[in-house]
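Enquirer: Have a look at this one before I ask anything.
There are 2 protein chains.
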Amino acid sequence: MWLLDAFPADRVAARYGFRPTQEWLDHVRLASARFGGGCSSSFVSPSGLVMTNHHCALDCIQKLSTAKSDLVQDGFYAKQEADERVCPGLELSQLTDVTDVTARVDGATRGLAGAAFRDALRAQLARIEGECRTGTELRCDVVTLYHGGRYHLYRYKRFQDVRLVFAPEVAIAFFGGDPDNFMFPRYDLDVAFVRAYEGGKPAKTPSYFGWSAAGAKPDEPTFVAGHPGSTSRLATVAQLTFLRDVALPESIAMLSEWRGALTELSGRGKEQRRITQKLLFGVENRLKAMKGRRRALVDAEVMAAKVAAEEALRRAASGDPAARAAWDAIADAQRAHRAIYAPYQLLEKGPYGFYATLFDHARALVRAAEERPKPSGERLRELSDAQLPLLERRLLSSAPIEPELESLTLGMGLVRLREVLGPDHPVVKKVLGKEDPRRLADRLVRGSKLIDPAVRKALYDGGRAAVDASKDPMIELARLVDPDARAIRKAYEEQVEAVETKNGELIAKARFAALGTSVYPDATSTLRLSFGAVKGWDEDGRAVAPITTMGGAFERATGNHPFALPKSWLDAQARLDLATPLNLVTSNDIIGGNSGSPVIDREGKIVGLVFDGNIHSLGGDYHYDAAKNRAVALHSEGIVAALDRIYGAKRVVSELGR
Amino acid sequence: MWLLDAFPADRVAARYGFRPTQEWLDHVRLASARFGGGCSSSFVSPSGLVMTNHHCALDCIQKLSTAKSDLVQDGFYAKQEADERVCPGLELSQLTDVTDVTARVDGATRGLAGAAFRDALRAQLARIEGECRTGTELRCDVVTLYHGGRYHLYRYKRFQDVRLVFAPEVAIAFFGGDPDNFMFPRYDLDVAFVRAYEGGKPAKTPSYFGWSAAGAKPDEPTFVAGHPGSTSRLATVAQLTFLRDVALPESIAMLSEWRGALTELSGRGKEQRRITQKLLFGVENRLKAMKGRRRALVDAEVMAAKVAAEEALRRAASGDPAARAAWDAIADAQRAHRAIYAPYQLLEKGPYGFYATLFDHARALVRAAEERPKPSGERLRELSDAQLPLLERRLLSSAPIEPELESLTLGMGLVRLREVLGPDHPVVKKVLGKEDPRRLADRLVRGSKLIDPAVRKALYDGGRAAVDASKDPMIELARLVDPDARAIRKAYEEQVEAVETKNGELIAKARFAALGTSVYPDATSTLRLSFGAVKGWDEDGRAVAPITTMGGAFERATGNHPFALPKSWLDAQARLDLATPLNLVTSNDIIGGNSGSPVIDREGKIVGLVFDGNIHSLGGDYHYDAAKNRAVALHSEGIVAALDRIYGAKRVVSELGR
């Protein structure tokens, strides 16, 4: 996950006999694009055509669906440019340039600690970003690298008119479902194409990736450009122990319980399946990821390596008293975190004790009423001027809210609140009174008018007076628990977060002093480039081959969800060359956020599209295991064959130059 | 959890100024009784009256209930002796004497290892028990103490005619339900009385506990006699790490998912609530216990103490090469266990991949058909002559089987099988074929005739020919997976269990050489005596008072399950002295299996009845924390007041001598 301005070209040259030039790297940067909130993508034609994963475009595909035309189930193809359909609210960003602002940031925080440190840091970052933000077509972010070892200012060009061009059926995009998620061999067509527009016309994108003539072969070097979200590879042993012993197990238990309940609800009927589908997918995906991470941390070798690395760094930093104390300060913060973990998760972070969209809306309304009259810098973070548009978009969204699902999740939340905090906890007592938690949830959901976006808008626009006067039961609940939620948030921010940030920065500087840029910084949702090769792995003595074929999908199909192929595939079977490569694995180091990343060869041509990692990649949050960690990608030949032979998407194929 | 023949009378004398004599200890032994499979109880009158917990007698209470007369909901009181109702299949055992047979056992296994060691040990234990077992009124068990450091032969008198005398409503027996389980303050009346009969008449039981005139006061010394089930306090650090990192988290995730599904199913209607109630209670109880145990093992101080104790013992054993190697051998076995844990749990141990009573029956039939023709000593353990009666009782039981619940649990099991082993695992492929796991579960449950005990009996009596000829789909499933299940069981027994037993014994002998009987052996479901005192504890700086009152129950009541008091209590409120003590906590060291244990004072009088432990007692599986680990008990005065003023059970009260 190398920075494009600190790429180890020498190492690549030594290993693969190919030295990327700065020109090559600049081209990769400009042909890549951040996709929406948390995905990656790339320009694949000079006319703004963009390739990403189906699961990255799913939000758009859902929004364009109606009861009569379900594009998620049926797929979509715009036969002509005029048929391309605007994705509401979707934005792409292209990284145009990078400036090092470390000295300016360090100057502002030097000598400070605790709340003063945090406030000075926040103010300086806002100042630097503010100087740069010159229009709606440009976005500026100060990026914290190496946990504060470096600060860079990133400038992005924004594309805010993005239209859907092609998406296959979800049945093939997510073929194998939860059982095959994070697994390989794999047979998915998790691809979608959209197009960036400017001034109502397809955008001109001279920096784009061409399409490989034959795609990747085993052992061929591969490069992956994308926006890995976050990793914790530089976390201290105390932080990893907290994750291993507290955060991950608690999340796994909670998600497992949700999974059981949602699956059971989903099985009651077609309508129940529809309303639970999205949440259940999210829960299962997250659950599998958390389990994989936990498994990495209970691997004795992984933890031993972490302990050894930390000891080495502590020795290297032994001349610096502040850095020396930093590890112990972070360990103390973990103890503090243990003590407040449950109420923080239940009342504020999740807030899992009140797990319902209607509650989220109610809390947003209550807090907005209280915070908006304050100056931006004194508000809760998510209500600052910079964040308000995001909050408004969510709050006023017309996305449907399902009362049956709301009752279920809120009821589970309230049961959990009582279970974890105990029936005698003051918050539990004032929330539940003498009521049964599930019946209370039903009553709140049925009684709340916040299901109507117009009601939310009126309360939001009405400000404090309107919200204070509201008798909506969900608003009343949010108001009732807000003092407790704010108090536990304050405890977390002061006792845990501030200590971790300040001391993490000290450790980061010590590491930077010892190792420089010879290791890459933890992922931060910013553009990175990874090098690797098409390569299987050894699974308990069994060799996993790196490439699957379209024929394999037909062999694996059972006719039953999640192994049911769509009709388009069954109809096209005779027209296909079943030996066409469909999916592959590479040794590129990726993580969540890399979904939609192009896989390119040394010539900068598309040979694949990352859509997942294998089960060993889940430990990638903490360490990269070259022997087993693999990116899972579509093969470029499989994409073209499907577009051409199954979907008849000739227009896209020819735009790709095939 | 002291042995009654190695009780530290001096220590008790030094702490409490009271030295129990051997006569006192013998009386305690004879007035105590093991209750059914896994509980404790005591004789409380000379005419066979026995006191235990409601939750220990629940199986009997359920079996005596009908659609018209639900004794679980409504409670039961036999106004006269003739009304006392036989508990089907319930047995009490009274420990009559104990012989040390360590030398005979050691002689048989000396110099042996691996399978030879295991077989010789098993044969010698069977021989010693066989010599002693002289009739249906007597049972003999060789008890392994200190993990093989000592072997004792226990002789029990059996009472096989046991009749229900009194039980309150479940609403007050388990008042507070899952939220209050393992918690304190507490307000439960978890008591039941039964009577032992001999020759159709109340048994003469001259050794019984009298009833205290006033019950226990704060700081008063208390003794608890009972049958704690099992502890792992002498487990090695490698074994504890395995529990912390693998077994407990996997169980917690599985139980959480079941809890979610069962709760959701239970909420669908009254009938669904009825069929899920027992399983859901078991799942929630186990889940809370597992979470408590996991929390103890992720406590840095607990684990540090374990590491220090192990290092000290290794140093003490440094002159003994065999013992020295034992810790490493056990650590190797944990690695082996990790590798086979999932398939062992799914296919054999649980078998959680096929979690359904009908499957258990099918497997029992398939295995009985194969094993019964062999000599007893060569069969699977649970099919030996000694164990067959238990298996037959379960297999031929008329307890109802609920198809809706069976489909749910089997469906979840099959999904789990595919999820954990992967869709490509040979067992998954042959079990599922191309079917959807939940639909397959439905089909198997609906198609199986094993729901009828007569069908099971015919197959059992018909032996191999009948079972081989059966086309019952559940029998076919059990047959299909049996080779795989047996193979993984063999791997577990050889690579894990045998290594742990052999080397555990070596470590135990080293510990015994170093410490003798100055620590008590791990719990083994055999009679133990614990000393302690009535004592609250400090919970994060808040003092928890040791005794609650009947008035507290009324304050806590909400009218909603699980905080709804039964009508009998509401009606009686005016007649009660609300200051009467109801529940209390003591510092006695107990664990699961101690349920139903009498709490006695120095005069051997009943002052309470153990029914639970506090949340810190859950870590008691691994260590006893004197500062926080507490037994939760009924107060003797609360029992008498409820019998007298609420239930009008005058006959019982006067038999107790009050």
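Residue numbers (the numbering used here), protein chains in the order written: chain A, -3 to 654; chain B, -3 to 654.
Even for Gly, the Cβ is constructed at its ideal location relative to N, Cα and C.
Is any beta-carbon of chain D found at less than 9 angstroms from that of T259(A)?
Expert: Judged by its chain identifiers, the structure shown contains no chain D, and its protein chains are A and B.
Enquirer: Could you check where the beta strand (DSSP E) with Q273(B) kicks off and where it finishes?
Expert: Looking at the DSSP string, Q273(B) is not in any beta strand (DSSP E); the run it does join, the alpha helix (DSSP H), is K266 to L293.
Enquirer: In terms of alpha-carbon separation, which member of L276(A), F170(A), A234(A) and F31(A) lies closest to E192(A)?
Expert: Reading off the sequence, residue 192(A) comes out as Ala, not Glu. The shortest C-alpha separation from A192(A) is found at F31(A).
Enquirer: Tell me which residue opens and which closes the beta strand (DSSP E) that S526(B) is part of.
Expert: Start and end: R524 to A529.
Enquirer: Compare the C-beta of V294(B) against all C-beta atoms of chain A and say whether one is closer than 9 angstroms.
Expert: It does: the Cβ of V294(B) has a partner Cβ on chain A nearer than 9 angstroms.
Enquirer: Compare the Cα-Cα distances from I611(A) to each of P385(A), R182(A) and R641(A) and report the closest residue.
Expert: Nearest C-alpha to I611(A): R182(A).
Enquirer: Look at the alpha carbon of D464(A) and the alpha carbon of R331(A), and state the distance between them as a whole number of angstroms.
Expert: Taking the straight line from one Cα to the other gives about 38 angstroms.
Enquirer: Taking its Cβ as the centre, do 16 or more other Cβ atoms sit within 10 Å of L45(A), making it buried, or is it exposed?
Expert: Buried is the call here.
Enquirer: Shorter than 9 angstroms from the beta carbon of V656(A) to some beta carbon of chain B?
Expert: Only positions -3 to 654 of chain A appear in this structure, which leaves residue 656(A) out of reach.
Enquirer: Who are the Cβ neighbours of D481(A) in its own chain at under 6 angstroms, not counting the five residues just before and after it?
Expert: Per the sequence presented here, residue 481(A) reads as Ala, with Asp not at that position. Excluding positions up to five away in sequence, the list reads L343 and E344.
Enquirer: Quick check on DSSP: helix, strand or coil for A541(B)?
Expert: Coil.
Enquirer: Leaving out five residues on either side along the sequence, give the residues of the same chain with a beta carbon under 6 angstroms from the beta carbon of S403(B).
Expert: Excluding positions up to five away in sequence, the list reads A437, D438 and V441.
Enquirer: Taking the C-alpha atoms as reference points, what is the distance between A549(A) and Q235(A)?
Expert: Approximately 42 angstroms, taken between the alpha carbons.
Enquirer: What does the alpha-carbon distance come out to for the pair A210(A) and R524(A)?
Expert: C-alpha separation (whole angstroms): 25 angstroms.
Enquirer: Considering only the alpha carbon of each residue, which of V158(A), R146(A) and D617(A) lies closest to G225(A)?
Expert: It is D617(A) whose Cα lies nearest to the Cα of G225(A).
Enquirer: Given a threshold of 16 other Cβ atoms within 10 Å of its Cβ, counted over all protein chains shown, does D662(B) qualify as buried or as exposed?
Expert: Residue 662(B) lies beyond the range of chain B shown here (-3 to 654); nothing can be said about it.
Enquirer: When you compare only the Cα positions, how much space is there between L614(B) and A188(B)?
Expert: Distance between the alpha carbons of L614(B) and A188(B) is about 24 angstroms.
Enquirer: How about K274(A) and A249(B): do their beta carbons lie closer than 9 angstroms?
Expert: Taking 9 angstroms as the Cβ cut-off, K274(A) and A249(B) do not qualify as a contacting pair.
Enquirer: For P469(A), which three-state DSSP category applies?
Expert: Note: P469(A) maps to helix in three-state DSSP.
Enquirer: On the criterion of 16 or more Cβ atoms from any shown chain inside 10 Å, does A623(A) qualify as buried, or is it exposed?
Expert: Looking at its Cβ environment, which holds fewer than 16 other Cβ atoms inside 10 Å, A623(A) is exposed.
Enquirer: Given A111(A), which residues of its chain have a CB within under 8 angstroms of its CB, disregarding the five upstream and five downstream residues?
Expert: Hits under 8 angstroms: E490 and A494.
Enquirer: How would you list, in chain order, the residues of chain A whose beta-carbon sits under 9 angstroms from the beta-carbon of M179(B)?
Expert: In chain order: G418, P419 and D420.
Enquirer: Can S380(B) be considered in contact with the ligand MG, in the sense that its beta carbon sits closer than 8 angstroms to one or more heavy atoms?
Expert: Ligands in the displayed structure: none, and consequently the ligand MG is not present.
Enquirer: Are S41(B) and T48(B) closer than 9 angstroms when you measure CB to CB?
Expert: No, the Cβ-Cβ distance between S41(B) and T48(B) is not below 9 angstroms.
Enquirer: What residue from L605(B), N499(B) and G634(B) has the CA that sits closest to T576(B)'s CA?
Expert: Checked all of L605(B), N499(B) and G634(B); the closest Cα to T576(B) is G634(B).
Enquirer: Short of 9 angstroms Cβ to Cβ, which residues in the segment 535 to 546 of chain A face chain B?
Expert: Listed by position, the residues of the segment 535 to 546 of chain A near chain B (Cβ gap below 9 angstroms) are D536.
Enquirer: Compare the beta carbon distance of I602(B) and P594(B) with 9 angstroms and say whether it is the shorter of the two.
Expert: Cβ atoms of I602(B) and P594(B): closer than 9 angstroms.
Enquirer: Is the beta carbon of V606(B) closer than 9 angstroms to that of N625(B)?
Expert: It is not a contact, given that the beta carbons lie outside the stated cut-off.
Enquirer: With respect to the alpha helix (DSSP H) encompassing H51(B), which residues constitute its N-terminal and C-terminal limits?
Expert: From DSSP, the alpha helix (DSSP H) with H51(B) extends over H50 to K59.
Enquirer: Mind checking the segment 158 to 180 of chain A against chain B and listing, in chain order, the residues whose C-beta falls within less than 9 angstroms of any C-beta there?
Expert: From the segment 158 to 180 of chain A, only G172, D174, P175, D176 and M179 have a Cβ closer than 9 angstroms to chain B.
Enquirer: For W533(B), decide whether its Cβ has a neighbour in chain A, counting only Cβ atoms nearer than 9 angstroms.
Expert: Cβ-Cβ to chain A under 9 angstroms: no for W533(B).
Enquirer: Looking at C-alpha atoms only, which residue of D420(A), P542(A), Y643(A) and E599(A) is the closest neighbour of E19(A)?
Expert: Cα-wise, what sits closest to E19(A) is E599(A).
Enquirer: Counting only runs that start and end within the segment 88 to 133 of chain B, where is the beta strand (DSSP E) found for 3 or more residues in a row?
Expert: Listed in chain order, they are 88 to 96.
Enquirer: Should the segment 319 to 337 of chain A be called in touch with the segment 498 to 518 of chain A, which here means at least 3 C-beta pairs below 8 angstroms?
Expert: Verdict: yes, contact present.
Enquirer: So D468(A) and S444(A) are in contact, right, with Cβ under 8 angstroms, and what is the actual spacing, rounded?
Expert: Rounded, the Cβ-Cβ distance is 5 angstroms, consistent with contact.
Enquirer: Pull up the distance between the alpha-carbon of S16(A) and that of S514(A), whole angstroms please.
Expert: Here residue 16(A) is Pro; the residue named in the question, Ser, does not match the sequence. Whole-angstrom Cα-Cα distance: 17 angstroms.
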